[in-house]
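Each residue of the sequence shown is one higher than the one before, starting from 68 at the first, in the numbering used here.
Note that the Cβ used here is the ideal one computed from N, Cα and C, for glycine as well.
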Amino acid sequence: DLALAFQPPSDLTTGRPVGAEARARWRGPLGQPVPPDQFIEIATRCGLMHQLTRWVLNSSLREFSRVWAQGHAVDLSVNVSPVDLHETDFPDMVEHALETWSVDADRVTLEITETAPVRETRQVLAILERLRGIGVRLSIDDFGTGHSSLALLRQLPVNELKIDQQFVRGMRESKASLDIVRTTLDLSRNFGLSTVAEGIEDPETRAALRELGGQSGQGWCIARPVPMDQLLDWRQAKTARPVSPDAARTQPRG
Ligand code: C2E
Ligand code: MG
Ligand code: MG
68 DLALAFQPPS
78 DLTTGRPVGA
88 EARARWRGPL
98 GQPVPPDQFI
108 EIATRCGLMH
118 QLTRWVLNSS
128 LREFSRVWAQ
138 GHAVDLSVNV
148 SPVDLHETDF
158 PDMVEHALET
168 WSVDADRVTL
178 EITETAPVRE
188 TRQVLAILER
198 LRGIGVRLSI
208 DDFGTGHSSL
218 ALLRQLPVNE
228 LKIDQQFVRG
238 MRESKASLDI
248 VRTTLDLSRN
258 FGLSTVAEGI
268 EDPETRAALR
278 ELGGQSGQGW
288 CIARPVPMDQ
298 LLDWRQAKTA
308 RPVSPDAART
318 QPRG
């Protein structure tokens, strides 16, 4: 039984929501939640990943076209599997989904885990170029955990880096993690990329990221992944009156 949950990142300075990331949720036959890492591995092994991505893309675009029609301007991020980048018709599938739900391409970001673009670089690069040609934004998820070298980053047509949660969670205790976060923020500035720091679990980490110049962040301290209607309530509460990020900690979580 497949469903979607949405987790919004917010602007680290103003506390305002800046979009929503769709995540697949799956319940097993007994109704028990199966962690994404597990069912994604199963889907990949069974050759079903492409179908899963198609489902997530179309279902989240359908939800978004509904809430956009109601006047909520939310940008959408969708996770894409490395497997998808080896399917030559993947960009066509994306284009078709955008047409079906009448969604402007530049409102949609595809998140690609960092390990993806390294294998068969030329072929993957061609697919990424085609996706950029369609107009969707591209983001490198879990940045810092994989192998994308600086040279590769220069070639990749990406718009955004998502700093992996292990570094964000570790940055208050470990100098090495802090250095990685700081370096990634510098790097993004130099390359003109936007950044999202993942896995912010406490207000102190959020404040530290803001001081380092981080733009936006995502994590339990901001909002957990929730169904769309809950996300809309959360957004409404956040945008109704300006909140400073420090005041935001006393707000109910989404
Ligand atoms: P991801 O895209 O990097 O998503 C971040 C994961 O960290 C999510 O777990 C999220 O619930 C969790 N998270 C968010 N904030 C915090 C926090 O403050 N602390 C902690 N400890 N965790 C936090 P989730 O939903 O279990 O997803 C795990 C991974 O599975 C995702 O990593 C993504 O790579 C993959 N995934 C999830 N949904 C999809 C999907 O629809 N398609 C594809 N291809 N992959 C997906
Ligand atoms: Mg992601
Ligand atoms: Mg991640």
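Where the beta strand (DSSP E) containing residue i begins and where it ends
i, result
"R94", "87-94"
"I179", "175-180"
"Q74", "69-74"
"D159", "That residue, D159, is in no beta strand (DSSP E); its alpha helix (DSSP H) goes 157-167."
"A264", "261-264"
"V145", "143-147"
Contacting residues, own chain, Cβ-Cβ under 7 Å from residue i (five flanking each side not counted)
i, result
"E265", "K229, I230, D231, Q232, V235, Q285, G286"
"L298", "F73, P75, A87, G321"
"M160", "R121"
"V134", "V141, M295, L299"
"E154", "H117"
"S126", "L71"
"V147", "T120, L177, E178, I179"
"F106", "W93"
Chain-order list of residues whose beta-carbon lies under 6 Å from that of residue i (same chain, five-residue window excluded)
i, result
"A110", "M116, L119"
"S244", "F234, G237, M238"
"D142", "G86, R174"
"L69", "W93"
"P292", "A72, Q74, R90"
"T165", "According to the sequence provided, residue 165 is Leu. The question's Thr does not apply to it. Excluding positions up to five away in sequence, the list reads A172."
Residues near residue i in its chain [Cβ-Cβ closer than 8 Å; skip 5 each side]
i, result
"R249", "L279"
"N226", "T176, R204, L205, S206, L260, S261"
"V101", "W93, R94, G95"
"F258", "L220, R221"
"H139", "L299, R302"
First through last residue of the alpha helix (DSSP H) which encompasses residue i
i, result
"T250", "242-258"
"R273", "270-278"
"D296", "295-307"
"N125", "116-136"
"A193", "188-201"
"A110", "103-112"
Cβ distance (whole Å) where residue i is taken to contact residue j below 8 Å
i, j, result
"I247", "G211", "5 Å"
"E178", "D208", "4 Å"
"L79", "S283", "6 Å"
"W168", "L198", "W168 to L198, Cβ: 17 Å. No contact."
"F131", "V191", "Not confirmed; about 26 Å, so no contact."
"K305", "P84", "5 Å"
"E162", "I201", "5 Å"
"G367", "L252", "Nothing can be reported for residue 367, as the shown portion of the chain is limited to 68 through 321."
"V145", "A218", "No, V145 and A218 are not in contact; Cβ-Cβ is about 27 Å, not under 8 Å."
"G213", "E181", "3 Å"
Any residue whose CB is nearer than 6 Å to a heavy atom belonging to ligand 2, listed in chain order: After applying the 6 Å Cβ criterion, the set is E88, N146, E178, D208.
Runs of alpha helix (DSSP H) wholly within the stretch 205-245 (minimum 4 residues, chain order): 217-222, 232-237, all fully within the stretch 205-245.
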